[in-house]
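What follows is one structure encoded as structure tokens, with my remarks underneath.
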Amino acid sequence: MVGVRTSAWLIAAALAAGTIFVAATAGAGQSGSWDAVLRPAPGPARSIGSYANGCIIGAQALAAEGPGWQVIRTSRRRYYGHPAMIGYIERLGRAVAAAGLGTMLVGDIGQPQGGPMPNGHASHQIGLDADLWFRLDLPLLPQPARETLEERYMVDLETLEMRPEAWTPSQVKLLRLAASDQTVERIFVNPAIKQALCAASGPDRNWLGRLRPWWGHAAHFHVRLRCPADSPLCLAQTPAPPGDGCDEVPGWLADMRRAMAAPPPAKPAKPVVKPPLPTACLALLAGGSDLSAR
Ligand SMILES: [Zn+2]
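With the working numbering applied, the sequence shown corresponds to residues 37 to 330, in that order.
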């Protein structure tokens, strides 16, 4: 454990000094895997790298439940995030409870030290992304019962029409509350959902700009927070264009219809070459791999 502490301390020191950590990293990526890490790296919270290529020191675990929320699939151990994200979900849960919307279902946030996941997400690597489900109809459940919940689609994915039996004013309120928090950078929703929100919203449209159309995201929405001030190595995303973003929706829906009509590709797509993780993350994994299975 001394090695672990030393390694974490060195990284913290390098971060505090604003320098790039230059410990030997050869082979660090092979020495452990991020999903095998069981505990957060100790130290003040630091999100390192980009949302889709990074890691986190000092992540905090979200409690399995609280006022207005319950974490689902806790066995996946993906309920760790930057304290800014934990605070955001707790705040949103309280607002959901106060509005009488029901109990919000919290899906994946990130692994104890972030990093790439073996399945499910390209991003969620620096503790600043979280998936929240749209369905609000379930009471607080015992944890085992939260492992196998059924997703409820807000959109008919064959027609891209909204499903009125699922999409109700409660979902609009939930998204509005979620997007109105100033720590939010953007929220990904299916383009059909964005279209429905654009049609339903009145003159107060500022919050709509943070809702960005994206593939999928018909049963859950994905909240992404801004890089916190405590994380100088967090790589911010190019800001969304100003305005409510409703003008982008027809193009997105046309793209989706084209993709749905296209035959599946004849041969597998070329493998994507991923950039290496930030040096500080590789060093963390090299030292932090000892944190697993203890
Ligand atoms: Zn997500």
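Ideal placement from N, C-alpha and C gives every residue a C-beta, glycine not left out.
Original post:
DSSP three-state call for Arg-222: helix, strand or coil?
Top reply: What you label residue 222 is simply residue 186 of the sequence shown in a count that begins at 1. Collapsing the DSSP output to three states places Arg-222 in a strand.
Original post:
Which residues count as close to ligand 1 when the rule is a CB under 6 angstroms from any of its heavy atoms, in chain order?
Top reply: Neighbourhood of ligand 1, defined by CB distance below 6 angstroms to any of its heavy atoms: His-157, His-160, Asp-165, Asp-167 and His-258, in chain order.
Subject >> Helix, strand or coil at Trp-288 [DSSP, three-state] >> reply: Here residue 288 refers to the residue found at position 252 when the sequence shown is read from its first residue. Trp-288: helix per DSSP, three-state reduction.
**OP:** Take Ala-60 and list the residues in its own chain whose beta-carbon comes closer than 6 angstroms to its own, dropping the five residues that flank it on each side.
**Re:** As a working note, residue 60 is residue 24 in the sequence shown. Unreliable positioning characterises Ala-60 in this predicted model, as indicated by a pLDDT of 28, which lies under 50. The coordinate reading is nonetheless provided below. Cβ neighbours of Ala-60 beyond the five flanking positions: none.
Subject >> Environment of Leu-164 [buried if 16+ CB atoms lie within 10 Å] >> reply: Walking along the sequence shown from the start, residue 164 turns up at place 128. With 16 or more Cβ atoms within 10 Å of its Cβ, Leu-164 is classed as buried.
**OP:** Consult DSSP for Ile-296 and reduce its assignment to one of helix, strand or coil.
**Re:** Numbered from its first residue, the sequence shown carries residue 296 at position 260. Reading off the sequence, residue 296 comes out as Met, not Ile. Correct three-state label for Met-296: helix.
Subject >> Other residues of its chain near Gln-231: CB distance less than 6 angstroms, five sequence neighbours each side excluded >> reply: Here residue 231 refers to the residue found at position 195 of the sequence shown. Within the same chain, Gln-231 has close Cβ partners Val-285.
Subject >> Element boundaries [alpha helix (DSSP H), containing Leu-244] >> reply: In the sequence shown, residue 244 corresponds to position 208, counting from 1. Counting along the chain, Leu-244 falls outside any alpha helix (DSSP H), and DSSP gives it neither H nor E.
Subject >> Trp-31 versus Leu-141: straight-line alpha-carbon distance, rounded >> reply: There is no way to answer for residue 31, as the model of the chain reaches only from 37 to 330.
Original post:
Relative to the alpha-carbon of Pro-180, which residue among Ala-97, Pro-249, Thr-110 and Val-309 has its alpha-carbon at the smallest distance?
Top reply: Your numbering for residue 180 matches position 144 in the sequence shown. Residue nearest to Pro-180 within the set Ala-97, Pro-249, Thr-110 and Val-309 is Thr-110 (criterion: CA-CA distance).
Original post:
With 16 other CB atoms within 10 Å as the buried threshold, where does Pro-299 fall?
Top reply: Numbered from its first residue, the sequence shown carries residue 299 at position 263. Pro-299 comes out exposed.
Original post:
Given 8 angstroms as the limit, is there contact between the segment 126-146 and the segment 72-88, that is, 3 or more CB pairs closer than that?
Top reply: Taking a cut-off of 8 angstroms for Cβ pairs, the segment 126-146 and the segment 72-88 do not touch, as fewer than three such pairs fall below it.
Original post:
Going straight from the alpha carbon of His-160 to that of Gln-149, what length do you get?
Top reply: In the sequence shown, residue 160 corresponds to position 124, counting from 1. In the sequence shown, residue 149 corresponds to position 113, counting from 1. Roughly 11 angstroms separates the two Cα atoms.
Original post:
Do you know offhand how far Arg-262's Cα is from Asp-291's?
Top reply: As a first step, residue 262 must be located in the sequence shown, where it is residue number 226. As a first step, residue 291 must be located in the sequence shown, where it is residue number 255. Those two C-alpha atoms are separated by around 28 angstroms.
Original post:
What's the gap between the Cα of Pro-200 and the Cα of Met-190?
Top reply: Mapped onto the sequence shown, residue 200 falls at position 164. Mapped onto the sequence shown, residue 190 falls at position 154. CA-to-CA, the gap between Pro-200 and Met-190 works out to about 8 angstroms.
Subject >> Option nearest Pro-268 by Cα separation, candidates Arg-188, Leu-213 and Ala-316 >> reply: Here residue 268 corresponds to residue number 232 of the sequence shown, with the count starting at 1. For Pro-268, the nearest C-alpha among the options comes from Ala-316.
Original post:
Which value, in whole angstroms, describes the spacing of the CA atoms of Ala-254 and Lys-310?
Top reply: The count along the sequence shown starts at 1 and reaches residue 254 at position 218. The count along the sequence shown starts at 1 and reaches residue 310 at position 274. A straight line joining the alpha-carbon of Ala-254 with that of Lys-310 spans about 27 angstroms.
Original post:
Helix or strand or just coil, what does DSSP make of Gln-96?
Top reply: One-based indexing of the sequence shown puts residue 96 at position 60. Note: Gln-96 maps to strand in three-state DSSP.
Subject >> Thr-184 versus Leu-271, Val-107, Ser-69 and Pro-312, residue with shortest Cα-Cα distance >> reply: Residue numbering aside, residue 184 sits at position 148 when the sequence shown is read from its first letter. It is Val-107.
**OP:** Can you say whether Leu-247 is buried or exposed, counting buried as having 16 or more other CB atoms within 10 angstroms of its CB?
**Re:** The residue you call residue 247 lines up with position 211 of the sequence shown. By the 10 Å Cβ count, Leu-247 comes out buried.
Original post:
Does the segment 236-246 come close enough to the segment 276-284 that 3 or more CB-CB pairs lie under 8 angstroms?
Top reply: Counting Cβ pairs under 8 angstroms, three or more are found: they touch.
**OP:** Tell me whether Leu-233 is buried or exposed, calling it buried when 16 or more other Cβ atoms sit within 10 Å of its Cβ.
**Re:** Here residue 233 refers to the residue found at position 197 when the sequence shown is read from its first residue. It is buried - the Cβ of Leu-233 has at least 16 other Cβ atoms within 10 Å.
Original post:
So, Tyr-124 versus Thr-219, is the Cβ gap smaller than 8 angstroms?
Top reply: The residue given as residue 124 occupies position 88 in the sequence shown. The residue given as residue 219 occupies position 183 in the sequence shown. Yes, Cβ-Cβ distance for Tyr-124 and Thr-219 is below 8 angstroms.
**OP:** Following the continuous alpha helix (DSSP H) through Gly-309, name the residue where it begins and the one where it ends.
**Re:** As a first step, residue 309 is located in the sequence shown; it is residue number 273 there, counting from the start. Strictly speaking, residue 309 in this sequence is Val, with Gly absent from that position. Counting along the chain, no alpha helix (DSSP H) covers Val-309, and no H or E run does either.
**OP:** Could you pull out every unbroken alpha helix (DSSP H) segment of at least 4 residues lying fully inside the segment 68-139, listed in chain order?
**Re:** Whole alpha helix (DSSP H) segments, 4+ residues: 119-134.
Subject >> Status (buried if at least 16 other CB within 10 Å, exposed otherwise) for Val-27 >> reply: This structure cannot speak to residue 27, because the chain is shown only from 37 to 330.
Original post:
In whole angstroms, what is the alpha-carbon distance linking Ala-133 and Gly-104?
Top reply: Counting from one through the sequence shown, the residue named residue 133 turns up at place 97. Counting from one through the sequence shown, the residue named residue 104 turns up at place 68. If I take the Cα positions, the gap works out to 5 angstroms.
**OP:** Count the other CB atoms, across all protein chains shown, that sit within 10 Å of the CB of Ala-319; report buried if there are 16 or more and exposed otherwise.
**Re:** Counted from its first residue, the sequence shown places residue 319 at position 283. Buried, by the Cβ-count rule.
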